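Colleague: What follows is a single structure, and I will ask about it in a moment.
Number of protein chains: 2
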Amino acid sequence: MAAVKEMKTVTASSQVHPFDQLSSEEMIMVSQVTRQAKPAMDIIFNTITLKEPNKQEMLSFLGWDTSKPRVSRIEREALVVALERPSMKCYEGIVSLDQEKLTSWVHVPDVQPILTMDEMLEVEQLVLKDEKVIAECRELGITDMSSVFNDPWAIARHVSYPGRGRRLMQALMYMRTCEDDNQYVHPLDFVPIIDLGMMKVIDIEYIKPKNSKFARPTIPMQQHNFLPEFVGEENYRKDVKPIIVQQPQGVSFSVKGNEIDWQKWNMRISMNYREGLVIHNVSYQDGAEKRPLFYRLSLSEMVVPYADRDPIHARKHAFDVGEYGLGLCTNSLALGCDCLGSIYYFDAVFNDHNGQPYTVPNAVCLHEEDHGILFKHTDYRNGRAHTVRGRRLVISHIVTVANYDYGLYYYFYQDGTFEYEVKATGELNTHVLAEDETPEGYGTLVAPQVNAQYHQHIFTMRIDPMIDGFNNTVGQVDVKRVPYPTGHPMNMMGNAFTAQTTMFRDTHEAQAIPSYETSRVWKIFNENNIHPVTKGPVAYKVTSDCQVPLYAQDDSVVGQRAGFAKKTIWVTPYNENQMFAGGFYCNQSSGEDNLESWMKEKKSVSNTDVVLWVTFGMTHLPRVEEAPIMNCEVLTGVRMQPCNFFLRNPAIDVPPTNKKINHSVDAKIAPKEAGCCSTKL
Amino acid sequence: MAAVKEMKTVTASSQVHPFDQLSSEEMIMVSQVTRQAKPAMDIIFNTITLKEPNKQEMLSFLGWDTSKPRVSRIEREALVVALERPSMKCYEGIVSLDQEKLTSWVHVPDVQPILTMDEMLEVEQLVLKDEKVIAECRELGITDMSSVFNDPWAIARHVSYPGRGRRLMQALMYMRTCEDDNQYVHPLDFVPIIDLGMMKVIDIEYIKPKNSKFARPTIPMQQHNFLPEFVGEENYRKDVKPIIVQQPQGVSFSVKGNEIDWQKWNMRISMNYREGLVIHNVSYQDGAEKRPLFYRLSLSEMVVPYADRDPIHARKHAFDVGEYGLGLCTNSLALGCDCLGSIYYFDAVFNDHNGQPYTVPNAVCLHEEDHGILFKHTDYRNGRAHTVRGRRLVISHIVTVANYDYGLYYYFYQDGTFEYEVKATGELNTHVLAEDETPEGYGTLVAPQVNAQYHQHIFTMRIDPMIDGFNNTVGQVDVKRVPYPTGHPMNMMGNAFTAQTTMFRDTHEAQAIPSYETSRVWKIFNENNIHPVTKGPVAYKVTSDCQVPLYAQDDSVVGQRAGFAKKTIWVTPYNENQMFAGGFYCNQSSGEDNLESWMKEKKSVSNTDVVLWVTFGMTHLPRVEEAPIMNCEVLTGVRMQPCNFFLRNPAIDVPPTNKKINHSVDAKIAPKEAGCCSTKL
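So the sequences go chain by chain: A and B. Read in the working numbering, the first sequence has 658 at position 47, and its numbers run on one by one without any break. Read in the working numbering, the second sequence has 621 at position 10, and its numbers run on one by one without any break.
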């Protein structure tokens, strides 16, 4: 393994690709250069990240755009977002890494940049030391403040402190009855408001019972835990025999720096503070031709709006990408726990408030999985069966955003199919009810007095396609009955139906929701490349299994801030300033600059460099079975399949396997103990 | 392994469970007893199968109904469906296996029982020997009839031969350019009609080009193959390294005869000629209590209607359960190909026309799979992560129905979740076009002159629930905005939404389609068992990822015959004669006796013994990439999750695993060859 690690390091330092995130060394340099250029400023380094290279230049650099002389060198730059103390003014800086120089420094008025892990941890501590908070806890019967915990949340929009003039958070309060106790079943009924400029609690609000007949709720004290010391290892199931996944001949992928090759796919990955994992420059080898598919894939934003009308709960609509950063919330993964088999890990580097880098080891997991039968056909005449097993490449990371945990999975299949999946797990957000109070149609009691409110998880993936080139058009396919009744000469047996394709030509057309009635799907076409058999433009089909509308009113706070959640499909012309569906400055935003606002002006998205935004999600009515921990709810958010893109099934060259190759065996079954769980005969 | 096989045999013969399908010995006895009772009859044994025991008696026998004295013995009976030669009259017989006696023999007028594999094979041969067919082939340039093949299909309803008076099939004609060539890219343009009573071709019909400007199509001769001898093993991908799944300590399930125990689940399986795999008497161990969940689960019917208005194509709407039988079409599975790891197989026994049994070895695959993370939560404060991997029990079989192959998977998860999944693979049904003819909005050209028509695959699962007992009620949950605008005192921030549950009280209410607008789900409630925390009835939630409407007109032939496809959800009171959504005598039916017709009379389905029918499917617009073989299209048709059924997550006692237990390793990556597929820097 020593050799492998060494190789990794050498690659990283000697051969930096323009898509590679900043190294630790680069981050240090960026903060040093910035401080030297602004010696009088007391700077909080909110964000230090790669300023991604200009797309036009990159298309040439990568060889996809051959219309101009090839760009052979890309200038490497870093983006700095900084807060100045004590004014808390926000600045955006650009540092040239090649020149080691701050080339731009701009004050950005009236914004609040992303919240950081430093702030989460600082705020929790300051809340616990606040006299008013201590007094409230005492009133609830808590004398030991070390048993009190809080999850600091973004404020969304606060009635008393509107706008973005002050940097605010709200703290959701809990207690623990002992070390590592599950705090989410012991919620407290008040919410401190914190000013991060002043670094103090400026207000305390109360979640009052909706019906005045209820008194202030007591704290539910019943334990409800999942950690081993609470479940008791002696209570674990005894009959879970190990499943071992091995690749004695090694894995089928190769890695060089951040570049991955596997089964005709080629791509690069990076990890940034915000979207976490990003996939760049995805192509598929089709015979002698390397065909471009996607310039960039990422989860651009998500929102988790809650249903309860209480003004405090109504503020709960977390933007986990734009407010907290999926990168900043990324777990360090454990071999054999998070991923099984032969695993390759990538580390990630982020910055703290001092501009110092820190590494999250094993931030990204890369491995391949058997994925069952790829294809099979039997000739029933002679029983000749041909079965080929398929597999997928999995690139994943896991984030923890306070109570919830999300597994985020990019899947690549041998036949050119791509899928993006979210696994939602972790802890339900809860609040306390008075003893006889009910959730009143806004939630589920998951334990006495513990209300897990209804909510939604809505995600928007940003897909920057280059289906056989960067000029693409998105269209919609609707299936319909023919307009002739049964018995009509055009529909004698009444069975006829057909499919209709609508090309989205501008941003006003390019907004769509699902239709069960028409089995609606979408396609990304390249109208410049006509398929020789179908005579239509080559395409990739886009589908999603998980479609929900946004239930908040269109003009609600969350409706304004999370406009992206209102439609499944949005198409915009490429614009390097439009990377995040909730806006770059999402925190405390009011929807001034986000995907929905970008769509207002009518712009062409026809046969040009377009970006496709796909929204998916779930409406989550919690179940009792989701406490004390929620089993993964799996959302296959986006699936993209070649659809009249190749000349045939591109995976017929996948070799079949058999028991000699994969060592499958007949299971040996021990005779069952008499009387054990049997239906007595 | 000898010991294991021996144990299996001993169990089967010495201890027959009432749900066990007929053994070979029993089948022989049934045909002997029948022949002896009807010595003058020339009998074709169409079907010999278990007559499933009376449900009321079984509920007592199984211990679920304790209101009456326990039934300790169940009479074992067989159902015989026979055709008499030469009249082709249909008879239904009951044979008592205990008494070795034919106890009932009834002529059933005006029906056509299921088509058998014997008939498929006989019809193909007689078509090829028919003089008119030979003449047609000659006209198309074929002189060697050994290159001609045909797939005999059910007739659906034929304009010239309506009703069920004659037993008919239609033959879809193809040729092969060499042995094992893929015939589906060489379709011929005529369709012989066969009378199975006369065993002769009675008519030949022509698929004419829609536009008269086209002449009779020639046969497309281009090869389009996936078998190894055509692809060439030298062309296989070289970089697919083996993935090995092993369970050195054995599997976690136990099997006794047809009874399976795994991870708190207990159930029985059986295989019959029609539905193939059936799961019986499913329960989950909840602490000291064994809680009943499902009395019986099966795929009751499916239909594949095609879109083309041409009267011949319009007849194509295969009912693969009711016309051909999933059991009869079942593959014998191969270790390491169809299933990977440590596999336990069950055989299946069916009868031929002579009443002789034949065994399909390895008809059902039983194994367990790692299923990724079951749950995970990290406390972001200290980084303490607890990750538990989950797994599922997979019980599956694979059927081949002429061109298509379906993998049918029953999944049981450790937390009480059940899923039913269909993987559609195999060959697209195709027909020939004239050289410049287009599919005219009814299909996709997957190769020159080869039209793969649009179609749908629609499946209806029969779920006979016993959620904490056999009296259940099905209800629907719809999520809605509250009726107050943003700023209203009841919806200040505009975020409020709620969920509304509607209980289906009768068969007229109990018909539903999906609703994106309301995130609609369904639940099976037990109104007699109130959950102590939520104070509502315990329930299982029912969802489906794959919902499509039936595009055929309501009064079309397929609309009448496949009424089940018109709704997602249907609930009926339990009736032992209502097992199959397309009717018991589905072949050549007109919809006289099927799920839709059973719903017409208003009957109570409120807190009684109900059956839930869930329809799901896909609208299939073929892609070029699905030729010469279609990669598995995966349909998660039904998911059932405990929803306020248990007191907490029932899987918190699943032990965590780690790399010591599961031998996960860091992947060793060989340094990439310079210049190989890299984006040159």
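All C-beta atoms, glycine included, are put in the ideal place defined by N, C-alpha and C. Note that the coordinates shown come from a computational prediction; the quantities given were computed from them, not determined experimentally.
Would B:D958 and B:N942 qualify as a contact pair, given that the criterion is a beta-carbon distance under 8 Å?
Modeller: Position 347 of the second sequence, counted from the first residue, corresponds to residue 958 of chain B. Position 331 of the second sequence, counted from the first residue, corresponds to residue 942 of chain B. Taking the C-beta atoms as reference points, B:N942 is found no nearer than 8 Å to B:D958.
Colleague: Could you compute how far the alpha carbon of A:D990 sits from the alpha carbon of B:G1228?
Modeller: Position 379 of the first sequence, counted from the start, is the residue given in the question as residue 990 of chain A. Position 617 of the second sequence, counted from the start, is the residue given in the question as residue 1228 of chain B. Taking the straight line from one Cα to the other gives about 24 Å.
Colleague: Tell me the residue span of the beta strand (DSSP E) that contains A:H891.
Modeller: The residue given as residue 891 of chain A occupies position 280 in the first sequence. 887-897 is the extent of the beta strand (DSSP E) around A:H891.
Colleague: Where does A:Y795 fall in DSSP's three states?
Modeller: Counting from one through the first sequence, the residue named residue 795 of chain A turns up at place 184. Three-state DSSP puts A:Y795 in a helix.
Colleague: Output the boundary residues of the alpha helix (DSSP H) element that contains B:A560.
Modeller: Residue 560 of chain B is absent from the model: chain B starts at 612 and stops at 1292.
Colleague: At a cut of 8 Å, does the stretch 1209-1217 of chain B reach the stretch 1113-1133 of chain B through at least three beta carbon pairs?
Modeller: yes
Colleague: Could you check the C-alpha separation between A:K743 and A:L732 for me, to the nearest Å?
Modeller: By one-based count along the first sequence, residue 743 of chain A stands at place 132. By one-based count along the first sequence, residue 732 of chain A stands at place 121. About 19 Å.
Colleague: What three-state label does DSSP hand B:K561 in the structure shown?
Modeller: There is no way to answer for residue 561 of chain B, as the model of chain B reaches only from 612 to 1292.
Colleague: What residues from chain A crowd round B:T1145, counting only those whose CB sits closer than 7 Å?
Modeller: In the second sequence, residue 1145 of chain B corresponds to position 534, counting from 1. Chain A residues near B:T1145: T1055, L1056, V1235.
Colleague: Taking B:R1000 as part of the beta strand (DSSP E), name the residues at either end of that continuous run.
Modeller: If you number the second sequence from 1, residue 1000 of chain B lands on position 389. From DSSP, the beta strand (DSSP E) with B:R1000 extends over 995-1012.
Colleague: Looking at A:A765 and A:E1038, is the spacing between their C-beta atoms short of 8 Å?
Modeller: Counting from one through the first sequence, the residue named residue 1038 of chain A turns up at place 427. Counting from one through the first sequence, the residue named residue 765 of chain A turns up at place 154. No. Outside cutoff.
Colleague: How big is the Cα-Cα spacing for B:K927 and B:H1066?
Modeller: Walking along the second sequence from the start, residue 927 of chain B turns up at place 316. Walking along the second sequence from the start, residue 1066 of chain B turns up at place 455. Looking at the two C-alpha atoms, the distance is approximately 9 Å.
Colleague: With distances taken from CA atoms, which of B:T658, B:I654, B:I685 is nearest B:Q626?
Modeller: In the second sequence, counting from the first residue as 1, residue 626 of chain B sits at position 15. The residue with the shortest Cα to Cα distance from B:Q626 is B:I685.
Colleague: Alpha carbons only, please: which of A:K901, A:E1244, A:M882, A:R1131 is nearest the one belonging to A:L673?
Modeller: Against the first sequence, residue 673 of chain A aligns to sequence position 62. If we check each option's Cα against that of A:L673, A:K901 comes out closest.
Colleague: Say whether chain B places a C-beta atom closer than 8 Å to the C-beta of A:E1128.
Modeller: What you label residue 1128 of chain A is simply residue 517 of the first sequence in a count that begins at 1. A:E1128 counts as touching chain B.
Colleague: Kindly confirm or deny that the stretch 1101-1121 of chain A and the stretch 1162-1171 of chain B touch, where touching means at least three C-beta pairs closer than 8 Å.
Modeller: Yes, since at least three Cβ pairs between the stretch 1101-1121 of chain A and the stretch 1162-1171 of chain B fall closer than 8 Å, the two stretches touch.
Colleague: Quick one: list the residues of chain E neighbouring B:I655, beta-carbon separation under 9 Å, in chain order.
Modeller: Any reference to chain E falls outside this structure, whose protein chains are A and B.
Colleague: So what's B:C1157 in DSSP terms, helix, strand or just coil?
Modeller: For this step, residue 1157 of chain B is matched to residue 546 along the second sequence. Residue state, collapsed to three classes: coil.
Colleague: Go to A:A693, then tell me how far its beta strand (DSSP E) extends in each direction, as first and last residue.
Modeller: The residue given as residue 693 of chain A occupies position 82 in the first sequence. Residues 688-696.
Colleague: Given a threshold of 16 other Cβ atoms within 10 Å of its Cβ, counted over all protein chains shown, does A:G887 qualify as buried or as exposed?
Modeller: As a working note, residue 887 of chain A is residue 276 in the first sequence. Burial call: buried.
Colleague: Taking B:N869 and B:R885 to be in contact with their CB atoms under 8 Å, please state how far apart those CB atoms are, rounded to whole angstroms.
Modeller: Translated into positions along the second sequence, residue 869 of chain B becomes position 258. Translated into positions along the second sequence, residue 885 of chain B becomes position 274. Rounded, the Cβ-Cβ distance is 17 Å, inconsistent with contact.
Colleague: Using 8 Å as the threshold, is the stretch 642-660 of chain A in touch with the stretch 677-684 of chain A, meaning 3 or more CB pairs across them?
Modeller: no
Colleague: Go ahead and pull the three-state DSSP assignment for A:T1230.
Modeller: Residue numbering aside, residue 1230 of chain A sits at position 619 when the first sequence is read from its first letter. Reduced to three states, the DSSP call for A:T1230 is strand.
Colleague: If we cut at 8 Å on Cβ distances, does A:H835 have a partner in chain B?
Modeller: Mapped onto the first sequence, residue 835 of chain A falls at position 224. True, the Cβ-Cβ gap to chain B drops below 8 Å.
Colleague: Please work out which residues of its chain come closer than 6 Å, Cβ to Cβ, to A:L713, disregarding the five sequence neighbours upstream and downstream, and give them in chain order.
Modeller: Stepping through the first sequence from its first residue, residue 713 of chain A is reached at position 102. The residues are V644, T645, A648, G704, V706.
Colleague: Under a three-way DSSP split, which group does B:L739 fall into?
Modeller: Numbered from 1 along the second sequence, position 128 holds the residue referred to as residue 739 of chain B. The answer is helix: DSSP assigns B:L739 an H, G or I state.
Colleague: Among B:Q1199, B:I1078, B:F1191, whose alpha-carbon lies nearest the alpha-carbon of B:N1140?
Modeller: Here residue 1140 of chain B refers to the residue found at position 529 when the second sequence is read from its first residue. Checked all of B:Q1199, B:I1078, B:F1191; the closest Cα to B:N1140 is B:I1078.
Colleague: Pull out every residue of the stretch 748-773 of chain A whose Cβ sits closer than 7 Å to any Cβ of chain B, in chain order.
Modeller: none
Colleague: For B:I1240, I'd like the list of residues in its chain whose CB is within less than 6 Å of its CB, leaving aside the five on either flank, ordered along the chain.
Modeller: Taking the first residue of the second sequence as position 1, residue 1240 of chain B is located at position 629. Taken in chain order, the residues that qualify are F837.
Colleague: Does any CB atom of chain B fall closer than 8 Å to the CB of A:Y785?
Modeller: Position 174 of the first sequence, counted from the start, is the residue given in the question as residue 785 of chain A. With 8 Å as the cut-off, A:Y785 does not count as an interface residue toward chain B.
Colleague: Tell me where the beta strand (DSSP E) around A:Q781 begins and ends.
Modeller: As a working mapping, residue 781 of chain A is identified with position 170 in the first sequence. 779-786 is the extent of the beta strand (DSSP E) around A:Q781.
Colleague: Could you tell me whether any Cβ in chain A is nearer than 8 Å to the Cβ of B:N1140?
Modeller: The residue you call residue 1140 of chain B lines up with position 529 of the second sequence. Cβ-Cβ to chain A under 8 Å: no for B:N1140.
Colleague: By the three-class DSSP mapping on this structure, what secondary structure does A:K712 have?
Modeller: For the purposes of this step, residue 712 of chain A is taken as the residue at position 101 of the first sequence. In the structure shown, A:K712 sits in a strand (DSSP, three-state: E or B).
Colleague: Terminal residues of the continuous beta strand (DSSP E) containing A:A648?
Modeller: Taking the first sequence and counting its residues from 1, one reaches residue 648 of chain A at position 37. Counting along the chain, A:A648 falls outside any beta strand (DSSP E), though it belongs to the alpha helix (DSSP H) covering 635-648.
Colleague: Rounded to whole angstroms, how far is the Cβ of A:V796 from the Cβ of A:N761, which I believe are closer than 8 Å?
Modeller: The residue you call residue 796 of chain A lines up with position 185 of the first sequence. The residue you call residue 761 of chain A lines up with position 150 of the first sequence. Wrong, their Cβ atoms sit about 15 Å apart, outside the cutoff.
Colleague: Mind checking if A:Q857 is an interface residue toward chain B, Cβ cutoff 8 Å exclusive?
Modeller: The sequence position of residue 857 of chain A within the first sequence is 246, counting from 1. Cβ-Cβ to chain B under 8 Å: yes for A:Q857.
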